[in-house]
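Protein chains in written order, with our numbering: chain A, 23 to 228; chain B, 23 to 228.
Ideal placement from N, C-alpha and C gives every residue a C-beta, glycine not left out.
There are 2 protein chains.
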Amino acid sequence: MNLPSQLLEQAVAEFAKLPGVGKKTALRYVLHLLRQNPDELKQWSYTVARLAEEIHYCEICFAISEKNKCEICSNSSRDHSTICVIEDIRDLIAIENTSQYHGTYHVLGGIISPINGIGPMDLHIEPLLKRIETGDVKELIMALPSTMEGDTTNFYLYKRLSSFPVTLSTLSRGVPVGDELEYADEVTLGQSILMRIPYESSITRK
Amino acid sequence: MNLPSQLLEQAVAEFAKLPGVGKKTALRYVLHLLRQNPDELKQWSYTVARLAEEIHYCEICFAISEKNKCEICSNSSRDHSTICVIEDIRDLIAIENTSQYHGTYHVLGGIISPINGIGPMDLHIEPLLKRIETGDVKELIMALPSTMEGDTTNFYLYKRLSSFPVTLSTLSRGVPVGDELEYADEVTLGQSILMRIPYESSITRK
């Protein structure tokens with residue numbers, strides 16, 4: 023695809039670096055931006071430039087934050103004895119949107135994946151161990167994806183934490199709320215039978 | 023979706039303005055950008071800012087150009103007696119990629135669409151008429167989409183140009199080269215039978 027302007031070509035190349043965006047979609051994005059007025063375009067560019075300078079990561083839980091300590095870690099009304107271990111910030115956003123969790127988080131920044139060359143040292147696991155060493159942490163909820171990589175990471179954390187007096191838990195897996203049994207996949211349905219819970223506790227949790 | 027930082031929220035809102043991009047995809051894009059090093063992010067932002075200032079439109083054909091006159095309009099080896107009328111710059115790129123066309127273009131900047139409130143005055147039709155008034159133009163190829171709006175625009179141009187000694191043509195429609203007949207849609211196959219061409223001319227054009 024030959025573009026009629028070098029600058030256009032350059033802009034398309036930048037947008038084509040976004041995940042899942044090819045040259046055609048990138049061109050569509052750039053042409054859309056060109057239809058905006060110049061002030062809006064400058065606002066756009068300014069926002070992206072600010073990202074480079076103003077976005078920091080919380081020094082405790084590694085979530086995105088504008089300060090050194092994120093709002094959740096500096097909130098004294100949250101339960102600091104419970105840490106939810108997650109892959110990235112999107113999981114934090116998803117869990118926060120449920121309004122069901124009042125503890126803190128720890129963003130690993132990925133999961134152990136030998137195929138992609140990601141080992142434990144590439145993740146924020148050592149800072150997590152340091153948080154637990156302080157002795158204030160009672161429970162660690164491992165909310166990692168239920169994939170082979172997620173399971174590997176869970177098992178790695180389980181081994182590393184075996185000597186600490188901390189309860190390890192993972193998210194319950196099962197048929198989604200409101201779903202028909204016949205449409206659930208076999209693995210999920212099987213899990214939800216094996217991991218069945220006392221009826222009484224299912225009432226009290228509702 | 024509540025995001026943990028106002029700046030992040032703002033950046034996501036900017037990206038969510040792109041065509042076909044919702045808040046979730048926008049967040050995915052922004053998190054991807056945040057994983058880049060700050061220099062790359064600044065380069066990104068600088069490229070977008072340059073778009074606002076350095077991209078101009080050719081004063082003759084309205085194609086995107088870095089100068090007042092685009093490369094095609096200022097190229098004396100192109101055939102300036104033929105103008106291909108197109109909806110937007112993407113059509114120019116597509117036709118240029120075929121290497122089969124050596125004339126010039128005229129970008130309308132849209133097509134007549136009463137539903138979307140786009141009338142002839144919103145398009146670059148008057149400048150096109152002025153180009154034709156000079157008398158140097160012999161043929162006008164209307165390469166607009168074969169939709170109702172495209173047909174309306176073609177008909178409008180046909181009416182406006184009836185008094186000028188210029189040949190009007192449109193792209194041929196038919197079964198795509200290499201396609202099986204059985205998979206062609208009925209309208210296209212019907213058109214390609216009605217608009218059949220002498221066998222001899224199909225050989226000489228290959």
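Inset, instruction - Using a Cβ-Cβ cut-off of less than 7 Å, list which residues of the region 87-103 of chain B approach chain A; keep chain order. - result: Ser87, Glu88, Cys92, Glu93
Legend entry - Under 8 Å (Cβ pairs) to chain A, residues found in the region 104-119 of chain B: Asp110, Ile111, Arg112, Leu114, Ile115, Glu118, Asn119
Inset, instruction - Quick one: grab the DSSP three-state call for glycine 200 of chain B. - result: coil
Inset, instruction - Please classify tyrosine 127 of chain A: is it buried, with 16 or more other beta-carbons within 10 angstroms of its beta-carbon, or exposed? - result: buried
Legend entry - Buried or exposed by the 16-neighbour rule on C-beta atoms within 10 Å, applied to tyrosine 221 of chain A: Exposed, because fewer than 16 other Cβ atoms sit within 10 Å of the Cβ of tyrosine 221 of chain A.
Inset, instruction - Measure the beta-carbon distance from leucine 193 of chain B to isoleucine 77 of chain A and round it to whole angstroms, keeping in mind my assumption that it falls under 8 Å. - result: The Cβ separation is near 48 Å, so there is no contact.
Legend entry - Contact between the region 71-91 of chain B and the region 58-69 of chain A (3+ Cβ pairs under 8 Å): yes
Legend entry - Complete alpha helix (DSSP H) runs within the region 57-131 of chain B (minimum length 4 residues, chain order): 60-76, 111-120
Legend entry - Beta-carbon gap between alanine 165 of chain B and aspartate 113 of chain B smaller than 8 Å: yes
Inset, instruction - With 8 Å as the threshold, decide whether the Cβ of glycine 161 of chain A is near any Cβ in chain B. - result: The identity of residue 161 of chain A in the sequence shown is glutamate, whereas the question assumes glycine. Under the Cβ distance rule, glutamate 161 of chain A does not count among the residues neighbouring chain B, no pair being separated by less than 8 Å.
Legend entry - The alpha helix (DSSP H) enclosing serine 214 of chain A, as first and last residue numbers: Serine 214 of chain A: member of the alpha helix (DSSP H) spanning 208-216, first to last residue.
Inset, instruction - Compare the C-beta of proline 26 of chain A against all C-beta atoms of chain B and say whether one is closer than 8 Å. - result: yes
Inset, instruction - For tyrosine 205 of chain A, go through chain B and note every residue whose CB falls closer than 7 Å to its CB, in chain order. - result: Going along chain B, no residue has its Cβ under 7 Å from tyrosine 205 of chain A, so there is no contact; the nearest lies around 23 Å.
Inset, instruction - Spell out whether any CB of chain C is found under 8 Å from the CB atom of glutamine 213 of chain B. - result: Protein chains in the displayed structure are A and B, and chain C is not among them.
Inset, instruction - Give the straight-line distance between the Cα atoms of asparagine 176 of chain A and lysine 45 of chain A, rounded to the nearest whole angstrom. - result: 38 Å
Legend entry - Neighbour list for threonine 69 of chain B in chain A, Cβ cutoff strictly below 7 Å: Under the 7 Å cutoff, chain A gives Gln32, Ala33, Glu36.
Inset, instruction - Confirm, please, whether the CB-CB distance from valine 188 of chain A to valine 159 of chain A is below 8 Å. - result: Going by C-beta atoms, valine 159 of chain A is nearer than 8 Å to valine 188 of chain A.
Legend entry - Contacting positions in the region 167-186 of chain B - beta carbon closer than 7 Å to chain A: none
Legend entry - Opening and closing residue of the alpha helix (DSSP H) in which methionine 170 of chain B lies: 170-182
Inset, instruction - To the nearest angstrom, report how far apart leucine 211 of chain A and glutamate 109 of chain A are at their CA atoms. - result: 25 Å
Legend entry - Buried or exposed by the 16-neighbour rule on C-beta atoms within 10 Å, applied to leucine 36 of chain B: It should be noted that the sequence gives glutamate, not leucine, for residue 36 of chain B. Classification for glutamate 36 of chain B: buried.
Inset, instruction - Could you give the DSSP three-state label for isoleucine 154 of chain A: helix, strand or coil? - result: In the structure shown, isoleucine 154 of chain A sits in a helix (DSSP, three-state: H, G or I).
Legend entry - Contacts that isoleucine 77 of chain A makes with chain B (C-beta to C-beta distance below 8 Å): Ser27, Leu29, Leu30, Leu56
Inset, instruction - Taking leucine 193 of chain A as part of the beta strand (DSSP E), name the residues at either end of that continuous run. - result: Per DSSP, leucine 193 of chain A belongs to no beta strand (DSSP E) and is neither H nor E.
Inset, instruction - Return the residue from the list B:Ile86, B:Cys80, B:Tyr51, B:Val43 that minimises the CA-CA distance to glutamate 31 of chain A. - result: B:Ile86
Inset, instruction - Reducing DSSP to helix, strand and coil, say where serine 223 of chain B ends up. - result: Here serine 223 of chain B sits in helix by DSSP.
Legend entry - leucine 29 of chain B - DSSP class collapsed to helix/strand/coil: helix
Inset, instruction - Tell me where the beta strand (DSSP E) around methionine 164 of chain B begins and ends. - result: 161-164
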